[in-house]
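In order, the protein sequence lines correspond to chains E and W.
Sequential numbering from 78 applies to the first sequence in the numbering used here.
Sequential numbering from 21 applies to the second sequence in the numbering used here.
Idealized CB from N, CA, C, for every residue including glycine.
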Amino acid sequence: MHNRSIRDLARSMARGEYSSTELTRHFLSRMADAGDLNAFITVTGDQALEQAAEADRRIRSGSAGPLTGIPMVHKDIFCTAGVPTTCGSKMLADFVSPYDATVVRRLAEAGMVSMGKTNMDEFAMGSSNESSHFGAVKNPWETSRVPGGSSGGSAAAVAARLSPVATATDTGGSIRQPAALCGITGIKPSYGRVSRYGMVAFASSLDQGGVLATSAEDAALVLEAMAGFDERDSTSLEQQVPDYTATLEESIRDKVIGLPKEFFGDGVEPDVADAIQDAIRELEALGARTVEVELPNSEIGIPCYYVLAPAEASSNLSRFDGVRYGHRAAQFEDLIDMYERSRAEGFGEEVQRRIMIGTYVLSSGYYDAYYIKAQKLRRMIADDFTRAFERCDLIAGPTSPGTAFPIGAKNDDPIAMYLNDIFTNSVNLAGLPGISVNAGFDRDGLPIGLHLIGRYLDETTILNVAHQFQQATDWHNTAPGGYA
Amino acid sequence: MSSINSEQVTHIARLARLKTDEEKSDYFAGHLTRILDLLEQMNRIDTESVEPMAHPQDVHLRLRGDHVTAESRREDYQAIAPLADNGLYLVPRVIE
Chain E
78 MHNRSIRDLA
88 RSMARGEYSS
98 TELTRHFLSR
108 MADAGDLNAF
118 ITVTGDQALE
128 QAAEADRRIR
138 SGSAGPLTGI
148 PMVHKDIFCT
158 AGVPTTCGSK
168 MLADFVSPYD
178 ATVVRRLAEA
188 GMVSMGKTNM
198 DEFAMGSSNE
208 SSHFGAVKNP
218 WETSRVPGGS
228 SGGSAAAVAA
238 RLSPVATATD
248 TGGSIRQPAA
258 LCGITGIKPS
268 YGRVSRYGMV
278 AFASSLDQGG
288 VLATSAEDAA
298 LVLEAMAGFD
308 ERDSTSLEQQ
318 VPDYTATLEE
328 SIRDKVIGLP
338 KEFFGDGVEP
348 DVADAIQDAI
358 RELEALGART
368 VEVELPNSEI
378 GIPCYYVLAP
388 AEASSNLSRF
398 DGVRYGHRAA
408 QFEDLIDMYE
418 RSRAEGFGEE
428 VQRRIMIGTY
438 VLSSGYYDAY
448 YIKAQKLRRM
458 IADDFTRAFE
468 RCDLIAGPTS
478 PGTAFPIGAK
488 NDDPIAMYLN
498 DIFTNSVNLA
508 GLPGISVNAG
518 FDRDGLPIGL
528 HLIGRYLDET
538 TILNVAHQFQ
548 QATDWHNTAP
558 GGYA
Chain W
21 MSSINSEQVT
31 HIARLARLKT
41 DEEKSDYFAG
51 HLTRILDLLE
61 QMNRIDTESV
71 EPMAHPQDVH
81 LRLRGDHVTA
91 ESRREDYQAI
101 APLADNGLYL
111 VPRVIE
C-alpha cells in the first residue's frame, strides 16, 4: 500500500479493496517502526483514525473526492487547532493553536487524513534539520546523513514511505533541497498561490507553502486542493488555480528548457553534474529543446537572501514576547528582562543569529547599505529571470550543489550551511515556482535532485515536464533500502 | 571588510530583546563578522539606478468592506497565554 500513487490508493478504496482506516493503520504502523528517523514531532493516531472513519463513510456514500481517505502529514509550521504546533522551537513547544491554517482546513475538507506533524529546522531556518529543538532528522537513505531542511521531517517521512504525501514550506529552498536530498518530488508554487494564513511566518515576502510527494502527479493533486485565493492572506492571489493534473500527460515536445551556465559551474559535485546532464538528455529525448541562458546575478542571490530573509524574520519573530503565547522565562527582574530572557531561552542559536543579522541590517546607519542594497539586487535577480524566460519555457539545473552531507558536518559553519541554497533561493527572491525531482544517485547511493523553475504562476509547465520525466525514468519509484 | 565586536553584538542583542552575556556576545561576534563578509559581496555589483524590490508582487494590498467577519474569541486566545487573568494579559509592573 505504501508504494502506490494517490490515484491508485483512491481507486482501491473506491473498489473496497481496503478502507481508509486500514490504509491509515498501515501508515501509522510504519511511522511507529521508523521512530529512529525522528521525522515526527507529534503523531495524532486517534484523530487520524477518526478522520479515516469519516472518510470511509464518504467513500461508501459515493461523495468522495480524489483525496478522500488519503493519509498525509503536516510540517509542524502549519497551525492545527487542538494539536501542538511547535515550529521546531522550544519557544512554541507547548503552543496549541486556536485555529487551523487554511492549508490544513482545505486538505481536511478534501477528506485527507492527518497523521501528525513533522520535524523541521527551528522556525524553518536551516538546510539540514539540525536546528530543530526536537533533534536532528535522519536521512532514510543513510541515517548518518541529514535529510536537508528546513522541511526535513516531511521529506524523510515521504522518502521512507511513512506517508504518501506531506505539506512543507519553502522560503529559500526548504521544500526543494530536502526533496533533492531525500530522493523525492517537492514543489514550491509561485508566491501567493498557497495561503500563508496559519503558517508560522519566517520571511513574509518569500515564504510559500507546497507539497512533498513521491511523484509530480501526487504533488499536483494535493497542490490543487491546497492552493487558491484566501481572503485571510493579504498576499493571496485572486487567480484561478489551473487544473494541474489535466495537463500532466501532454507531450513536452518543443518545450524550450533554459540552461543557465551559472548553474553548471565548478561548485557542483561531479556526480550531481553528471546526473543532471543525463536528466537533460532524457528530456531532450522526450522532444524538449535546450538553450543556454544567463542568470548573471545568481551568485549574489545568497548574500541578497541572507540580508532580506533575516530582516523579515527579525521583524516577524518580534511577536514572541512571552506575553500572549509561547515560552515565558521563569525568572526575570522586570518587563524588558522578561522579554530578553524569554526570547534567549526560547530561541535556538541559529534563530538568534538570524534575528541579530536582521536587526543589524535594519538598524540606523546600515539600512541603506544592506537592506536597500539587497532589495535592489533582488530586482536585478528577478529581471534576469524575466529576460531568460523570453527565450525558454522553463529553466533546469541541479537543486543542490551536493548530496546529503553527514549530520554535524556543517554545524559549526553557518556560511557553509547557507551555500546549500545557492540554486534555490533566487527563485524565492523572484517569487517563481520551482520543483525538484529525483534524477539518480551519486557513487554513495545518495539521491540527486533535478530543479525545474517555471515562469511566475506557471506551475503547470514544471509539473508537466516533471511528470513526463517520471514516466520515462524510474528514479522516483526507488525507495531507500529498508523502507521499500 | 567590516567586523562586529562583542560590544556591538551586545547592542544588537539589546535591540532584538535577546539576553546576552560576554561569552555569548563573543561567540556570536565571530559568526556575525563572517556573515557580514558574505553580505558585503553585494557591493561588487553596481545598483545605482535600480529600483528596490520589496515584494514579488507589484500589486497593491486589497481592500475589503468594513464589516465584522470574525467573532470574538478572547477566551480561546488568552487560554494559551503564559499568564492571563480576568480578560487581561499579565506582565511585570511597568508603572510604579
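| query | Whose Cβ in chain W lies nearer than 7 Å to the Cβ of E:A507? | reply | If you number the first sequence from 1, residue 507 of chain E lands on position 430. P76, listed in chain order.
| request: Pull up the distance between the alpha-carbon of E:F279 and that of E:D320, whole angstroms please. | output: Numbered from its first residue, the first sequence carries residue 279 of chain E at position 202. Numbered from its first residue, the first sequence carries residue 320 of chain E at position 243. In a straight line, the C-alpha of E:F279 is about 29 Å away from that of E:D320.
| Under 8 Å between the Cβ atoms of E:F28 and E:A297? | Because residue 28 of chain E is not part of the residues shown, which for chain E are 78 to 561, the question remains open.
| request: Flag W:R54 as yes if its beta-carbon sits less than 8 Å from any beta-carbon of chain E, otherwise no. | output: For this step, residue 54 of chain W is matched to residue 34 along the second sequence. Taking Cβ atoms only, chain E reaches closer than 8 Å to W:R54, which makes this a yes.
| message | At a CB distance below 8 Å, what residues from the segment 378 to 390 of chain E approach chain W? Give them in sequence order. | response | I379, P380, C381, Y383 and V384
| Can you tell me whether DSSP reads E:N515 as helix, strand or coil? | Residue 515 of chain E sits at position 438 when you count from the first residue of the first sequence. Strand, per DSSP.
| request: Determine the contact status of E:G263 and E:P255, defining contact as a CB-CB distance below 8 Å. | output: In the first sequence, the residue the question calls residue 263 of chain E occupies position 186. In the first sequence, the residue the question calls residue 255 of chain E occupies position 178. Yes, these two residues count as a Cβ contact at 8 Å.
| task | To the nearest angstrom, report how far apart E:M202 and W:D105 are at their CA atoms. | result | Position 125 of the first sequence, counted from the first residue, corresponds to residue 202 of chain E. Position 85 of the second sequence, counted from the first residue, corresponds to residue 105 of chain W. Going from the Cα of E:M202 to the Cα of W:D105 covers about 34 Å.
| Runs of beta strand (DSSP E) wholly within the segment 214 to 278 of chain E (minimum 3 residues, chain order) | 242 to 247 and 262 to 265
| message | Tell me whether the segment 331 to 349 of chain E and the segment 358 to 368 of chain E touch, counting them as touching only if at least three CB pairs, one residue from each stretch, are closer than 8 Å. | response | yes
| Is E:S191 helix, strand or coil when you go by DSSP? | Residue numbering aside, residue 191 of chain E sits at position 114 when the first sequence is read from its first letter. It is a strand residue.
| query | Any Cβ of chain W within less than 8 Å of the Cβ of E:Q429? | reply | Residue numbering aside, residue 429 of chain E sits at position 352 when the first sequence is read from its first letter. Closer than 8 Å: yes.
| By Cβ distance, which residues of its chain are closer than 6 Å to W:T89, with the 5 residues on each side in sequence left out? | As a working mapping, residue 89 of chain W is identified with position 69 in the second sequence. None.
| request: With DSSP collapsed to three states, give me the class of E:K556. | output: Position 479 of the first sequence, counting from 1, holds the residue named residue 556 of chain E. According to the sequence displayed, residue 556 of chain E carries Ala and not Lys. It is coil, neither helix nor strand.
| 8 Å contact criterion, which E:V514 and E:G522 should meet: CB distance rounded | As a position in the first sequence, residue 514 of chain E is number 437, starting the count at 1. As a position in the first sequence, residue 522 of chain E is number 445, starting the count at 1. That belief does not hold up - the Cβ atoms of E:V514 and E:G522 are roughly 18 Å apart, past 8 Å.
| said: To the nearest angstrom, how far is the alpha carbon of W:I55 from that of W:N25? | reply: Position 35 of the second sequence, counted from the start, is the residue given in the question as residue 55 of chain W. Position 5 of the second sequence, counted from the start, is the residue given in the question as residue 25 of chain W. Looking at the two C-alpha atoms, the distance is approximately 13 Å.
| Since E:K450 is in the alpha helix (DSSP H), which residue starts that stretch and which ends it? | Translated into the one-based positions of the first sequence, residue 450 of chain E becomes position 373. Note, E:K450: alpha helix (DSSP H), K450 to A465.
| query | At least one CB of chain E closer than 8 Å to the CB of W:E71: is that the case? | reply | As a working note, residue 71 of chain W is residue 51 in the second sequence. It does; some Cβ of chain E falls within 8 Å.
| In chain W, what lies closer than 9 Å to E:D411 by C-beta? | Mapped onto the first sequence, residue 411 of chain E falls at position 334. Here the neighbours are P112, R113 and V114.
| query | Between E:R401, E:D535 and E:D498, which lies nearest to E:D252 when the distance is taken from Cα to Cα? | reply | Walking along the first sequence from the start, residue 252 of chain E turns up at place 175. Inspection of the sequence shows that residue 252 of chain E is occupied by Ile rather than by Asp. With distances taken between Cα atoms, E:I252 lies closest to E:D498.
| field | Residues that E:R464 contacts on chain W, provided the C-beta gap is smaller than 9 Å | value | Locating residue 464 of chain E in the first sequence gives position 387, where the first residue counts as 1. Result: empty, since nearest Cβ-Cβ is about 14 Å, beyond 9 Å.
| From W:F48 to E:D177, what distance separates their C-alpha atoms? | The residue you call residue 48 of chain W lines up with position 28 of the second sequence. The residue you call residue 177 of chain E lines up with position 100 of the first sequence. Rounded to whole angstroms, W:F48 to E:D177 spans 37 Å at the Cα level.
| request: Compare the beta carbon distance of E:A141 and E:A91 with 8 Å and say whether it is the shorter of the two. | output: To locate residue 141 of chain E, count along the first sequence from 1; it is residue 64. To locate residue 91 of chain E, count along the first sequence from 1; it is residue 14. Contact: yes.
| query | Is it a yes or a no for the segment 339 to 347 of chain E touching the segment 474 to 494 of chain E, going by three-plus beta-carbon pairs under 8 Å? | reply | yes
| field | E:P255 at chain W interface by Cβ criterion, 8 Å | value | Along the first sequence, one-based indexing puts residue 255 of chain E at 178. No - not a single Cβ of chain W is within 8 Å of the one on E:P255.
| said: My assumption, with CB atoms under 8 Å, is that E:N554 sits in contact with E:E327. Please give the rounded CB distance. | reply: For the purposes of this step, residue 554 of chain E is taken as residue 477 along the first sequence, with counting starting at 1. For the purposes of this step, residue 327 of chain E is taken as residue 250 along the first sequence, with counting starting at 1. With a Cβ gap of about 22 Å, E:N554 and E:E327 do not count as contacting.
| task | Check whether the Cβ of E:G269 lies closer than 8 Å to any Cβ atom in chain W. | result | Counted from its first residue, the first sequence places residue 269 of chain E at position 192. Yes, E:G269 counts as interfacial toward chain W.
| task | Leaving aside the five residues before and after E:E207 along the sequence, list all residues of the same chain whose C-beta is less than 8 Å from its C-beta, in chain order. | result | One-based indexing of the first sequence puts residue 207 of chain E at position 130. The residues are D198, A213, V223, G226, I484, G485 and N488.
| What residues from chain E crowd round W:V29, counting only those whose CB sits closer than 8 Å? | Here residue 29 of chain W refers to the residue found at position 9 when the second sequence is read from its first residue. Those are M433, listed as they occur along chain E.
| task | Would you please verify whether the beta carbon of W:S49 is less than 8 Å from any beta carbon of chain E? | result | As a position in the second sequence, residue 49 of chain W is number 29, starting the count at 1. Note on identity: in this sequence residue 49 of chain W is Ala, with Ser being the wrong assignment. It does not: the Cβ of W:A49 has no partner Cβ on chain E nearer than 8 Å.
| request: Using a threshold of 8 Å, state whether the C-beta atoms of E:K152 and E:S228 are closer than that. | output: Sequence index remark: in the first sequence, residue 152 of chain E carries index 75 (1-based). Sequence index remark: in the first sequence, residue 228 of chain E carries index 151 (1-based). Their beta carbons are under 8 Å apart, which means E:K152 touches E:S228 by this criterion.
| Contact with chain E by W:D96, beta-carbon distance below 8 Å | Numbered from 1 along the second sequence, position 76 holds the residue referred to as residue 96 of chain W. Yes, its Cβ sits closer than 8 Å to a Cβ of chain E.
| query | What does DSSP give as the partner residues of E:P524 in its beta bridges? | reply | Position 447 of the first sequence, counted from the start, is the residue given in the question as residue 524 of chain E. Bridge partners of E:P524: E:F518.
| request: Taking E:E410 as part of the alpha helix (DSSP H), name the residues at either end of that continuous run. | output: One-based indexing of the first sequence puts residue 410 of chain E at position 333. No alpha helix (DSSP H) holds E:E410; DSSP gives it neither H nor E.
| field | Within 8 Å, strictly: CB atoms of E:I353 and E:A233 | value | Here residue 353 of chain E refers to the residue found at position 276 when the first sequence is read from its first residue. Here residue 233 of chain E refers to the residue found at position 156 when the first sequence is read from its first residue. No, the Cβ-Cβ distance between E:I353 and E:A233 is not below 8 Å.
| field | E:K583, buried or exposed, once every other Cβ within 10 Å from all chains shown has been counted against 16 | value | Here chain E covers residues 78 to 561 and nothing more, so residue 583 of chain E does not appear.
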